[in-house]
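Novice: Residue numbers for the sequence shown follow my numbering, beginning at 8 and rising by one.
Every residue, glycine too, gets a C-beta built ideally from N, C-alpha and C.
Bear in mind that the values here come from a model prediction, so they are computed numbers and not experimental data.
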Amino acid sequence: MTMFQPISQCSHRVMATLVAGLELEFGRGAAEALAARFIAAEECDFIWDARVEERWLGAYEALEEEGFEFDRVAVIGALDGHWFAAICIIDGDGNPHGMIARRSFSGARAARKAFETLH
8 MTMFQPISQC SHRVMATLVA GLELEFGRGA AEALAARFIA AEECDFIWDA
58 RVEERWLGAY EALEEEGFEF DRVAVIGALD GHWFAAICII DGDGNPHGMI
108 ARRSFSGARA ARKAFETLH
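1) Is the distance from the Cβ of R109 to the Cβ of E50 below 9 Å?
2) Write down the C-beta distance between R58 and Y67 rounded to the nearest angstrom, noting that I regard them as a contact closer than 8 Å.
3) In this structure, what does DSSP give as the bridge partners for C95?
4) If you compare alpha carbons, which of H89, H104 and A93 is closest to Y75?
5) With DSSP run on the structure shown, which of helix, strand or coil describes G28?
6) Taking F53 and L29 to be in contact with their CB atoms under 8 Å, please state how far apart those CB atoms are, rounded to whole angstroms.
7) Do F112 and A92 count as a contact pair if the criterion is CB distance below 9 Å?
8) Check this for me: beta carbons of A42 and L25, under 9 Å apart or not?
9) Could you check what DSSP says for A66 in three-state terms: helix, strand or coil?
10) Would DSSP call A57 helix, strand or coil?
11) When burial is assigned at 16 or more other CB atoms within 10 Å of the CB, is G84 buried or exposed?
12) For F122, name the three-state secondary structure that DSSP assigns.
13) With burial defined as no fewer than 16 other Cβ atoms inside 10 Å of the residue's Cβ, what is the status of A121: buried or exposed?
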């Protein structure tokens, strides 16, 4: 059975799910530290998964990857209790390939204001 959830319903669970999975494998003490390392190594993927809203900004012109079409997409969301606004590079299938910019905020209002001005 496949279960679909809107982005806004599952974004707050990204960190909790990661920590829970790592606790099963490595124990409670190491899970949070490992989760922080996983997020640092795969930041773009986690930012994309934790988004609550996205806005298409336009095509992304990549010189070194000719033949591929990418888009610039502004995202807003929360990860591990911190709000962010970012610009991600996304392929035609909706998979993230990079991040141009990211700013962190203590609250949703400041993140929303930044999200609305991203271009």
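Specialist: To lay it out plainly:
1) yes
2) That pair is no contact at about 17 Å.
3) V80 and M106
4) The sequence shown places Phe at residue 75, rather than the Tyr named in the question. It is H104.
5) helix
6) About 13 Å; that fails the 8 Å criterion.
7) yes
8) yes
9) strand
10) coil
11) buried
12) helix
13) buried
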